[in-house]
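First to last, the protein sequences are chains A and B. Using the numbering used here, read the first sequence as starting at 399 and increasing by one per residue. Using the numbering used here, read the second sequence as starting at 16 and increasing by one per residue. Data first, discussion second: the structure below is written as structure tokens.
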Amino acid sequence: MAKTIASYFDELRGTRVWRSVFRSGTGSSTLHRALAVQQNVFLHLFSTKVRTRMLSFSTTWYLGTLTFGTFLLLVVTGIPLMFYYHPSVPQAYADTKDLEFVVSSGLFLRNLHRWSAHAMVFLVFAHMFKVFYRGAYRPPREFNWVIGVILLLITLLLSYTGYLLPWDQLAFWAITVGSNIASAVPVMGNKVHFLMLGGNVVNANALLRFYVLHCMILPLVAILFVAVHFWRIRKDGGLYSHQSEPQTVTAGPVPAAAKGGQFQ
Amino acid sequence: MTDPTTDPKDFVAGIDSNAHKSPTRVVFVTRRTSAQVKVVDEEEVQTYPEVLFRAIVAIEVLTIALVGAALLFNAPLEGIADPSHTPNPAKAPWYFLGLQEMLHYFPPVVAGVLVPGLVVMALIVIPYFNINVEAEGLFLKDRKRRLLIFYLAAAGLSLFLLLFDVYVALAPTLIVAGFMVLAAQSSPQSPSAFRRYLAAKPLSYWIMTWFLFELAVLTAVGTFFRGPGWSWVLPWRS
Ligand code: HEM
């Protein structure tokens, strides 16, 4: 009589409709749980098992996970923001003002998007340094580190292109200061600058370019690289831990403290 | 590795397999090396549901914190963009203010193109240098030569920063160099845990720490301590 929520859930998972959607089926055996990951197009980026020790907070501080979390929040808040925003001058500014004063919860949406963006930039740096200090860039993870550097650049570009969109003084001059640096590139500096802005100064063309990059191109590229990043963690043998790597130690005296003392 | 066909005894092979835990491992060990598998089997948990559950909790905590921030603090919105009215100072987003601070001292090709380009390249090549992968204490091997190079590099860099009046970047450089000197005077047998720790640190650690320190200091200075005309201001007196 006393049916638990879990048993309802199990029933649900046994229905024909559920089975048609999720291939792994009911059951909570290790096999079923492994299949739940392996048979799912998104989850199969991850390995089916993780070393318990890698889950402890001190290993990663969950910084990569949190970076991904900010990215999700940015997508979720970014889409409704797009509904209210026209990338044209001066409409862009008026729309941003409307978000603040007219659209219900518009201010909250914009705030959450803005603070999440700052958090993402901060977290991606923090994640990078954390990965470095525990030595997790080592072979066979070299390439995942490189993918990480690409993700760092994408994150900075995402944030930078978004910065122009409100079309206020802060946005305009921040982008002006930043884009002027592009002119300093030897030989083709002015060409790069022009390509970036669609003109010689920050204007309506620049706004449109930044908008397309910010809302379309860069998020898609980010999703692609994040997927590869996660998949490589699985392929490179799970998260790095100094102790669990099969180590080949060259013969000869190795100071004990020098070996054991790092990357704990 | 020597060709095993010419000397069949130059390696030993071992197979370790436990189908419940891990795929088959085949190990080849040559004579010159000895394999040491420190931890053979580790406790593991299922990704579904344990790991996913933790990830979701972590993301939820983050979401709560950011929602709180969004309720309490409003994102800035100034007047409409006006190309004819330059604010003073005009600042880039905070994560570029370290660069902007450097633009104050060096020409744009150096501060805006060369330095960031080199930083990105340096980040990319980190895992491809064996010295980083082996990660032995910087001064534990070849001590004399390395000390000499270190002193020359540190003095050269400090002098350069001094010449261009970049005291903001000089301070972190001197502090990190100070710790490196201490590391050079320490050994893995040192009674102090902190000095053992320093002695074990490889070159990449020192460079990255220096970079992190510079990044933090330059960004903080650019964000909080720079006012009109990029002059010094105190953030609590504006
Ligand atoms: C959008 C940005 C990024 C996201 C969403 C992301 C996400 C993650 C996640 C969830 C992990 C799992 C472990 C952890 O949390 O530390 C991870 C691991 C890793 N990340 Fe990132 N990351 C990003 C950027 C970077 C950057 C900038 C780097 C370095 C330059 C990097 C290098 C690595 C490496 C090497 C690992 C494997 C660590 C190991 O094997 O233990 N990632 N990343």
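Cβ atoms here follow ideal geometry from the backbone N, Cα and C, with glycine treated the same way.
Is it buried or exposed for residue i, if we count other Cβ within 10 angstroms and need 16 for buried?
{"i": "Asn-147/B", "result": "buried"}
{"i": "Asn-509/A", "result": "buried"}
{"i": "Ser-246/B", "result": "exposed"}
{"i": "Ser-405/A", "result": "exposed"}
{"i": "Val-72/B", "result": "exposed"}
{"i": "Phe-209/B", "result": "exposed"}
{"i": "Gly-244/B", "result": "exposed"}
{"i": "Lys-159/B", "result": "exposed"}
{"i": "Gln-567/A", "result": "buried"}
{"i": "Arg-241/B", "result": "buried"}
{"i": "Glu-59/B", "result": "buried"}
{"i": "Trp-225/B", "result": "buried"}
{"i": "Pro-250/B", "result": "exposed"}
{"i": "Lys-401/A", "result": "exposed"}
{"i": "Tyr-483/A", "result": "buried"}
{"i": "Ala-168/B", "result": "exposed"}
{"i": "Gly-83/B", "result": "exposed"}
{"i": "Gly-504/A", "result": "buried"}
{"i": "Arg-417/A", "result": "exposed"}
{"i": "Ser-427/A", "result": "exposed"}
{"i": "Thr-62/B", "result": "buried"}
Alpha carbon to alpha carbon, how far is residue j from residue i? Give it in angstroms, no decimals.
{"i": "Asp-157/B", "j": "Ser-202/B", "result": "14 angstroms"}
{"i": "Gly-576/A", "j": "Leu-622/A", "result": "27 angstroms"}
{"i": "Val-583/A", "j": "Pro-131/B", "result": "12 angstroms"}
{"i": "Thr-101/B", "j": "Phe-444/A", "result": "50 angstroms"}
{"i": "Pro-123/B", "j": "Leu-549/A", "result": "25 angstroms"}
{"i": "Tyr-561/A", "j": "Leu-555/A", "result": "10 angstroms"}
{"i": "Leu-162/B", "j": "Trp-221/B", "result": "14 angstroms"}
{"i": "Gly-659/A", "j": "Ala-620/A", "result": "Legend: pLDDT at Gly-659/A = 37, less than 50; position of this residue unreliable, value from coordinates given subsequently. Cα to Cα, Gly-659/A sits roughly 36 angstroms from Ala-620/A."}
{"i": "Ala-199/B", "j": "Pro-206/B", "result": "15 angstroms"}
{"i": "Leu-637/A", "j": "Val-599/A", "result": "46 angstroms"}
{"i": "Leu-86/B", "j": "Pro-187/B", "result": "37 angstroms"}
{"i": "Ala-434/A", "j": "Ala-625/A", "result": "18 angstroms"}
{"i": "Arg-414/A", "j": "Phe-68/B", "result": "26 angstroms"}
{"i": "Ser-486/A", "j": "Ala-572/A", "result": "18 angstroms"}
{"i": "Arg-211/B", "j": "Val-610/A", "result": "53 angstroms"}
{"i": "Thr-468/A", "j": "Arg-512/A", "result": "11 angstroms"}
{"i": "Arg-532/A", "j": "Val-128/B", "result": "30 angstroms"}
{"i": "Asn-542/A", "j": "Trp-459/A", "result": "19 angstroms"}
{"i": "Tyr-558/A", "j": "Pro-108/B", "result": "7 angstroms"}
{"i": "Ile-545/A", "j": "Ala-235/B", "result": "28 angstroms"}
So that I know if they touch, is there some Cβ in chain A lying closer than 7 angstroms to that of residue i?
{"i": "Ser-234/B", "result": "Rather than Ser, the amino acid found at residue 234/B in this sequence is Thr. No, no contact with chain A."}
{"i": "Thr-188/B", "result": "no"}
{"i": "Ile-141/B", "result": "yes"}
{"i": "Leu-129/B", "result": "no"}
{"i": "Gln-320/B", "result": "Within the shown structure, residues of chain B are numbered from 16 to 253, placing residue 320/B beyond reach of any answer."}
{"i": "Met-223/B", "result": "yes"}
{"i": "Tyr-120/B", "result": "no"}
{"i": "Asn-145/B", "result": "no"}
{"i": "Val-148/B", "result": "yes"}
Here's a check: name, in chain order, each residue in its chain whose Cβ is nearer than 7 angstroms to the Cβ of residue i, leaving out the five neighbours to either side.
{"i": "Asp-408/A", "result": "Thr-424"}
{"i": "Ala-580/A", "result": "Gly-587, Val-590, His-591 and Met-594"}
{"i": "Thr-465/A", "result": "Met-518, Leu-521, Val-522 and His-525"}
{"i": "Gly-412/A", "result": "Thr-424"}
{"i": "Asp-493/A", "result": "Tyr-482, Tyr-483 and His-484"}
Could you confirm whether any beta carbon from chain B is found closer than 7 angstroms to the beta carbon of residue i?
{"i": "Pro-485/A", "result": "no"}
{"i": "Glu-540/A", "result": "yes"}
{"i": "Asp-408/A", "result": "no"}
{"i": "Ile-579/A", "result": "yes"}
{"i": "Gln-437/A", "result": "no"}
{"i": "Asp-634/A", "result": "no"}
{"i": "Lys-401/A", "result": "no"}
{"i": "Tyr-482/A", "result": "no"}
Could you pull out every residue in the same chain whose Cβ sits closer than 6 angstroms to the Cβ of residue i, ignoring the five residues on either side in sequence?
{"i": "Lys-447/A", "result": "none"}
{"i": "Leu-233/B", "result": "Gly-113 and Glu-116"}
{"i": "Gly-462/A", "result": "His-525"}
{"i": "Met-452/A", "result": "Leu-637"}
{"i": "Phe-499/A", "result": "none"}
With a CB to CB cut of under 8 angstroms and the five nearest residues on each side skipped, what residues in its chain are close to residue i?
{"i": "Pro-217/B", "result": "Ile-146, Asn-147, Glu-149, Ala-150, Glu-151, Gly-152 and Leu-153"}
{"i": "Pro-478/A", "result": "Leu-507"}
{"i": "Arg-607/A", "result": "Met-594, Leu-595 and Gly-596"}
{"i": "Phe-601/A", "result": "Here residue 601/A turns out to be Asn, not Phe, going by the sequence shown. Excluding positions up to five away in sequence, the list reads Val-487 and Leu-595."}
Using a Cβ-based criterion (distance less than 6 angstroms to any ligand heavy atom), does residue i qualify as near ligand 3?
{"i": "Asn-147/B", "result": "This structure lacks ligand 3; its bound ligands are ligand 1."}
| query | At which residue ranges does the segment 553–621 of chain A contain complete alpha helix (DSSP H) runs of 4 or more residues, listed in the order of the chain? | reply | 567–580, 587–595 and 602–610
| request: Ignoring anything shorter than 4 residues or poking outside the segment 439–494 of chain A, list the alpha helix (DSSP H) runs there in chain order. | output: Entirely contained in the segment 439–494 of chain A, the alpha helix (DSSP H) runs reaching 4 residues are, in chain order, 455–458 and 461–481.
| Contained alpha helix (DSSP H) runs [length at least 4] in the segment 111–157 of chain B, N- to C-terminal order | For the segment 111–157 of chain B, whole alpha helix (DSSP H) runs of length 4 or above, ordered along the chain, are 112–118, 130–140 and 145–149.
| message | Going residue by residue through the segment 489–528 of chain A, where are the continuous alpha helix (DSSP H) segments of at least 4 residues, counting only ones entirely within it? | response | 489–499
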